[in-house]
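Here the numbering used here is used: the first residue of the sequence shown is 3, the next is one more, and so on.
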Amino acid sequence: MKNNNIREFARKMEGKKLTILGHENIDVDAFLSGVLLSRLFDFLKIDNEFIVLEEVAEGNETYDIVKKLFNIDMKDWERTGEDAERLLFLEDHFETVHAGKVVGCIDHHPTSKNVSFDYEKRRNSSASSFLIYELMLEVRYPVTTEDIEMIIFSMMIDTTAFKSSKAIQSEVEVAEKLATKYKLDYEELIKVALCLTPIDKMSIEKITSNGEKSYNYNGNAVKSAYLQLYGMPSKQKIEEWKGFLAKRVKKEGLKMFVFIIFETKGNFTIEYQIMTHICAK
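Given below as structure tokens:
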């Protein structure tokens, strides 16, 4: 039988300290869920700490996104060293390689594997942060605008801005209503969640070689690059990029350069096959 009464769990944890952990190679949802869960536990008067038991690399995608949107430095949560005496509460996963006793978990991609913890909340959801939001409602936690922004953004980034099959429509509708209620820029959050290519800050050399890969097909050299954009650039700009790539094809002796644009606003893909004198779309 599942133990899913959070207030009963809080009473059981009186006089104990919990360590909240996200999964290895921590991502945005796991990190923000840790922050949110720590706030919820504070409200429930559960002594707790949220820590990241791995090196936090400044400049990686997760670090940059969290810093840009919430002005939070993930390194402030970085810790080293194992402790078998820790009471662990796992979020965004339910198994861990770290030392300590697991007493609870919140996970939005459950398996059929049974667990035996003092508390568990496991079901399919857009993000672990949404499951934490449900708990916040259950105990009447006073959510802030920042809490809501973290919840919505975690949902977006874990579902490619609600475009993947992992997105649950009823939860998407909740996110849209919350964004309106708390006056959040929903479209801007979507753009950040899509991890768009920042072409306005890039040179033509960088734009046309973004994510570049090289191939050899029976002696024919082919290269590819791609952009992920929200809205299409002007025809003039695209022609400029194609012209630049045509010169590269000739200079480098390539058979073809495949240049791909993933247009996320309209949800379509365009592929340009660029050869010395021919550009096929």
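Glycine is no exception: its CB is placed at the ideal position from the N, C-alpha and C atoms. These numbers come from a predicted model, not from an experiment.
- Where residue 224 is concerned, there is no enclosing alpha helix (DSSP H), although the beta strand (DSSP E) around it starts and stops at 222-231.
- One Cα belongs to residue 112, the other to residue 122, and the distance between them is close to 11 Å.
- Residue pairing for residue 19: DSSP places it in a beta bridge opposite 49.
- If you draw a straight line from the Cα of residue 181 to the Cα of residue 188, it is about 6 Å long.
- By the Cβ-count criterion, residue 59 is exposed, with fewer than 16 other Cβ atoms from all chains shown falling within 10 Å of its own Cβ.
- In the DSSP assignment, residue 265 falls within the unbroken beta strand (DSSP E) covering 258-265.
- The residue among 236, 96 and 120 with its C-alpha nearest the C-alpha of residue 11 is 120.
- DSSP, read as helix, strand or coil, puts residue 90 in strand.
- Excluding sequence positions up to five before and after residue 185, its CB lies less than 6 Å from no other CB in the same chain.
- When only Cα atoms are considered, residue 209 and residue 195 end up about 20 Å apart.
- Pairing residue 221 with residue 110, the inter-Cα distance amounts to about 47 Å.
- DSSP places residue 143 outside both helix and strand once states are collapsed to three, so it counts as coil.
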